[in-house]
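Residue numbers (this note's numbering), protein chains in the order written: chain X, 136 to 362; chain A, 136 to 362. Cβ atoms here follow ideal geometry from the backbone N, Cα and C, with glycine treated the same way. To start, the structure under review is shown below, and the notes come after it.
There are 2 protein chains.
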Amino acid sequence: MLTGWEDIRTEVLRRISGREWLPGASIPTEEQLAETFGVARATVNRALRELAAEGVLERRRKAGTRVALHPVRKATLDIPVTRLEIEGRGQRYGYRLLLEAEDEPPPAIASRLGLAPGVRLLHLVCLHLADGRPALIEDRWLNPAVLPQKPDFHRQSANEWLLAHVPYTTGDIGFSAANATAEEARLLDVPQGAALFVLDRTTWEGDRPVTCVRLAHAPGYRMQTLI
Amino acid sequence: MLTGWEDIRTEVLRRISGREWLPGASIPTEEQLAETFGVARATVNRALRELAAEGVLERRRKAGTRVALHPVRKATLDIPVTRLEIEGRGQRYGYRLLLEAEDEPPPAIASRLGLAPGVRLLHLVCLHLADGRPALIEDRWLNPAVLPQKPDFHRQSANEWLLAHVPYTTGDIGFSAANATAEEARLLDVPQGAALFVLDRTTWEGDRPVTCVRLAHAPGYRMQTLI
Chain X
136 MLTGWEDIRT
146 EVLRRISGRE
156 WLPGASIPTE
166 EQLAETFGVA
176 RATVNRALRE
186 LAAEGVLERR
196 RKAGTRVALH
206 PVRKATLDIP
216 VTRLEIEGRG
226 QRYGYRLLLE
236 AEDEPPPAIA
246 SRLGLAPGVR
256 LLHLVCLHLA
266 DGRPALIEDR
276 WLNPAVLPQK
286 PDFHRQSANE
296 WLLAHVPYTT
306 GDIGFSAANA
316 TAEEARLLDV
326 PQGAALFVLD
336 RTTWEGDRPV
346 TCVRLAHAPG
356 YRMQTLI
Chain A
136 MLTGWEDIRT
146 EVLRRISGRE
156 WLPGASIPTE
166 EQLAETFGVA
176 RATVNRALRE
186 LAAEGVLERR
196 RKAGTRVALH
206 PVRKATLDIP
216 VTRLEIEGRG
226 QRYGYRLLLE
236 AEDEPPPAIA
246 SRLGLAPGVR
256 LLHLVCLHLA
266 DGRPALIEDR
276 WLNPAVLPQK
286 PDFHRQSANE
296 WLLAHVPYTT
306 GDIGFSAANA
316 TAEEARLLDV
326 PQGAALFVLD
336 RTTWEGDRPV
346 TCVRLAHAPG
356 YRMQTLI
């Protein structure tokens, strides 16, 4: 018997993968499916919404629901605080602030934050360690206007401070690979040119730019999720 | 006036970021919030579910809903078919099959797929091109049991064939950085050691292993999403 929305989701996937419902084709209405499966319409609705969020179905007001022609697989990544990510692997966390200075950001960063030339930001560079070994370099430009009182960044990383004090930002995040510069190689204690996994992020709180950060991970790092 | 669930979500976020509701603290019940906001309980429920999915709230049966102590930011990534990703950037797509052979996979891959030693798989290596330039190398091990009839992999990449014929797989996906080997450097026409963004994926259809693939992207690639 199909009872929960998860069962309905599984049955819909079965019909699609069994090519009973073909890519691009319309599927029955929620009312029809509720009757077929003997469940409440809300249960069908929940299952179809999940499948639409996963990219399997396309839902259009009035036009009904279709099987996606080119399903785009979606993967959800957790982006935890660096300290918790390291401790979550069972490693001892360490942290060293390397630079704290007010400065004019490079044009590329000013432009990503939508700042006029000449605006000064707080520039923070720090090293996160796992079991005493360098794990990643955090290079951050921070809008001083978001700091109510100046935190002691020698004690707590901006990464962690921001999540506790300016937690609900919007923005964009990117993942790429880069060869370690001479400076990065020295800080991470790896050969120059080693391939680093880089996460960059620009965030806003409403209309106000908050921060632009680059996290360069030591070789061997792998970001993982289920699909 | 607060009317839709999006308004309720925004108001809940405002109370959390304004520290009216503190990290770790319980928030009022759905009934209480519905009365406060003058909306249906289902509307409050929808907003709280979204915030729980985003990691902002923690919901426990009986214990009620709390503000997360360490909110984990979640980012959703689209993993499209390589051809559509390249065409979506407005570039001309090209494809070259470099190897198609039945072979025993390396132990690491056999183990990821849960295969006994000695089982043979189809090994496919191909190059995807954007505007005639190498964009990424696809190195794939494929379970021949998922192929009803043998596709012509010279005409269509396994990447695309699988999505059309074995679309609803589960599995895991990882992202990392790697220095280009001599062979990868030759195929991508980049210096040996260049930093490549690597996506690896292992998928299953029910209990049956489907494929283990490594996509090594030419330097400059950036995978991006909104948070």
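CB contact check: X:Ile214 to chain A, cutoff 7 Å | Numbered from its first residue, the first sequence carries residue 214 of chain X at position 79. Interface annotation, X:Ile214: in contact with chain A, CB-CB separation under 7 Å.
Give every residue of the same chain whose Cβ lies closer than 6 Å to the Cβ of A:Trp140, excluding the five residues on either side of it in the sequence, and list them in chain order.
-> For the purposes of this step, residue 140 of chain A is taken as the residue at position 5 of the second sequence. These residues qualify, in order along the chain: Thr178, Arg181 and Ala182.
Can you give, in chain order, each stretch of the alpha helix (DSSP H) that sits fully within the segment 277-341 of chain X and has at least 4 residues?
-> 293-300 and 317-323
Taking Cβ to Cβ, would you say X:Leu334 is nearer than 7 Å to X:Leu350?
-> Taking the first sequence and counting its residues from 1, the one referred to as residue 334 of chain X is at position 199. Taking the first sequence and counting its residues from 1, the one referred to as residue 350 of chain X is at position 215. Between X:Leu334 and X:Leu350, the gap from beta carbon to beta carbon is short of 7 Å.
Spatially closest choice to X:Ala236 from X:His289, X:Trp339, X:Arg149 and X:Asp213, by CA coordinates | What you label residue 236 of chain X is simply residue 101 of the first sequence in a count that begins at 1. Ranking the options by Cα distance to X:Ala236, first place goes to X:His289.
In whole angstroms, what is the alpha-carbon distance linking A:Leu262 and A:Asp342?
-> Numbered from 1 along the second sequence, position 127 holds the residue referred to as residue 262 of chain A. Numbered from 1 along the second sequence, position 207 holds the residue referred to as residue 342 of chain A. A:Leu262 and A:Asp342: Cα-Cα distance of roughly 30 Å.
Residue burial classification, A:Ser161 (beta-carbon count within 10 angstroms, cutoff 16) = Reading the second sequence from its first residue, position 26 is the one you call residue 161 of chain A. It counts as exposed.
Just the Cα atoms here: how many angstroms apart are A:Ala251 and A:Ala280?
-> Position 116 of the second sequence holds residue 251 of chain A. Position 145 of the second sequence holds residue 280 of chain A. Straight-line Cα distance between these residues: approximately 15 Å.
Could I get the ranges of all uninterrupted alpha helix (DSSP H) runs contained in the segment 163-224 of chain X, with 4 residues as the minimum, in chain order?
-> 165-172, 176-188 and 217-223
A:Thr316: which of A:Ser292, A:Pro326 and A:Leu271 sits nearest, CA to CA?
-> The count along the second sequence starts at 1 and reaches residue 316 of chain A at position 181. The shortest C-alpha separation from A:Thr316 is found at A:Pro326.
Check A:Ala236 in the structure and name its three-state DSSP category.
-> Counting from 1 along the second sequence, the entry for residue 236 of chain A is found at position 101. A:Ala236: strand per DSSP, three-state reduction.
If we count the other Cβ atoms within 10 Å of its Cβ and call it buried at 16 or more, is X:Glu131 buried or exposed?
-> Residue 131 of chain X lies beyond the stretch modelled for chain X, which goes from 136 to 362, so this question has no answer here.
Three-pair Cβ contact test at 8 Å for the segment 209-221 of chain A versus the segment 204-223 of chain X | Contact annotation: the segment 209-221 of chain A touches the segment 204-223 of chain X, with at least three C-beta pairs closer than 8 Å.
Give a yes or no on whether the minimum CB-CB distance between X:Arg176 and chain A is below 7 Å.
-> Indexing the first sequence from 1 puts residue 176 of chain X at position 41. Answer no: the Cβ-Cβ gap between X:Arg176 and chain A never drops below 7 Å.
Beta-bridge pairing of X:Ile272 - partner residues as DSSP gives them = Taking the first residue of the first sequence as position 1, residue 272 of chain X is located at position 137. In DSSP, X:Ile272 forms a bridge with X:Leu262 and X:Ala351.
Have a look at the DSSP bridge pairing and note the partners of A:Arg356.
-> Residue numbering aside, residue 356 of chain A sits at position 221 when the second sequence is read from its first letter. Note that residue 356 of chain A corresponds to Tyr in the displayed sequence, not to Arg. None; A:Tyr356 has no bridge partner.
For A:Pro344, which beta-bridge partners are listed by DSSP?
-> The residue you call residue 344 of chain A lines up with position 209 of the second sequence. For A:Pro344, which the question treats as bridged, DSSP gives the partners A:Trp339.
Contact check, X:Trp276 vs X:His258, beta carbons under 7 Å | Along the first sequence, one-based indexing puts residue 276 of chain X at 141. Along the first sequence, one-based indexing puts residue 258 of chain X at 123. Their beta carbons are under 7 Å apart, which means X:Trp276 touches X:His258 by this criterion.
Grab the span of the alpha helix (DSSP H) containing A:Arg247 for me, first residue to last.
-> Within the second sequence, the letter at position 112 stands for residue 247 of chain A. Pro242 to Arg247 is the span of the alpha helix (DSSP H), which, as asked, contains A:Arg247.
Taking Cβ-Cβ distances below 8 Å as the criterion, which residues of the segment 296-326 of chain X are in contact with chain A?
-> Leu298, Ala299, Val301, Pro302, Tyr303, Thr304, Thr305, Gly306, Asp307, Ile308, Gly309, Phe310, Ser311, Ala312, Ala313 and Asn314
Who are the neighbours of X:Gln359 on chain A, taking C-beta pairs under 8 Å?
-> One-based indexing of the first sequence puts residue 359 of chain X at position 224. The answer, in chain order, is Asp307, Ile308, Gly309 and Phe310.
Closer than 9 Å, Cβ to any Cβ of chain X: which residues of the segment 329-340 of chain A, in chain order?
-> Ala329, Ala330, Leu331, Phe332, Val333, Asp335, Arg336, Thr338 and Glu340
For X:Leu232, I'd like the list of residues in its chain whose CB is within less than 6 Å of its CB, leaving aside the five on either flank, ordered along the chain.
-> Counting from 1 along the first sequence, the entry for residue 232 of chain X is found at position 97. So the qualifying residues of the chain are Cys261, Phe288 and His289.
CA nearest to the CA of X:Tyr228, picked from X:Gly267, X:Glu239 and X:Glu165 = Taking the first residue of the first sequence as position 1, residue 228 of chain X is located at position 93. Of the candidates X:Gly267, X:Glu239 and X:Glu165, the one whose C-alpha sits nearest the C-alpha of X:Tyr228 is X:Gly267.
Identify, in the order they occur along the chain, each residue of the same chain with its Cβ nearer than 7 Å to the Cβ of X:Leu248, setting aside the five sequence neighbours on each side.
-> As a first step, residue 248 of chain X is located in the first sequence; it is residue number 113 there, counting from the start. Contacts found: Thr337, Pro344 and Cys347.
Buried or exposed by the 16-neighbour rule on C-beta atoms within 10 Å, applied to A:Leu271 = One-based indexing of the second sequence puts residue 271 of chain A at position 136. Counting Cβ neighbours within 10 Å, A:Leu271 comes out buried, since at least 16 surround it.
Residue from X:Pro240, X:Ile151 and X:Thr164 with nearest C-alpha to X:Gly199 | Looking up residue 199 of chain X in the first sequence gives position 64. Comparing Cα-Cα distances from X:Gly199 to each of X:Pro240, X:Ile151 and X:Thr164, the minimum goes to X:Thr164.
With a threshold of 16 other CB atoms inside 10 Å of the CB of A:Glu166, please say whether the residue is buried or exposed.
-> Position 31 of the second sequence, counted from the start, is the residue given in the question as residue 166 of chain A. Its Cβ having fewer than 16 others within 10 Å, A:Glu166 is exposed.
Taking the DSSP output, what are the residues bridged to A:Gly229?
-> Counting from one through the second sequence, the residue named residue 229 of chain A turns up at place 94. Its beta-bridge partners are A:Leu264.
According to DSSP, what are the bridge partners of A:Leu157?
-> Working through the second sequence from its first residue, we reach residue 157 of chain A at position 22. Note: A:Leu157 sits in no beta bridge, so no partner.
To which residues of the same chain is A:Asn314 closer than 6 Å at the C-beta, ignoring the five residues directly before and after it?
-> Numbered from 1 along the second sequence, position 179 holds the residue referred to as residue 314 of chain A. Cβ within range, chain order: Gly328.
Short CB-CB distance (under 7 Å) between A:Arg195 and chain X = Walking along the second sequence from the start, residue 195 of chain A turns up at place 60. It does not; no Cβ of chain X falls within 7 Å.
Neighbourhood of X:Glu239 by C-beta distance below 6 Å, restricted to the same chain and skipping five residues each side | Counting from 1 along the first sequence, the entry for residue 239 of chain X is found at position 104. If we look at X:Glu239 and ignore the five residues flanking it on each side, its Cβ neighbours are Arg255.
Could you have a look at A:Leu256 and say whether DSSP puts it in helix, strand or coil?
-> Counting from one through the second sequence, the residue named residue 256 of chain A turns up at place 121. Strand, per DSSP.
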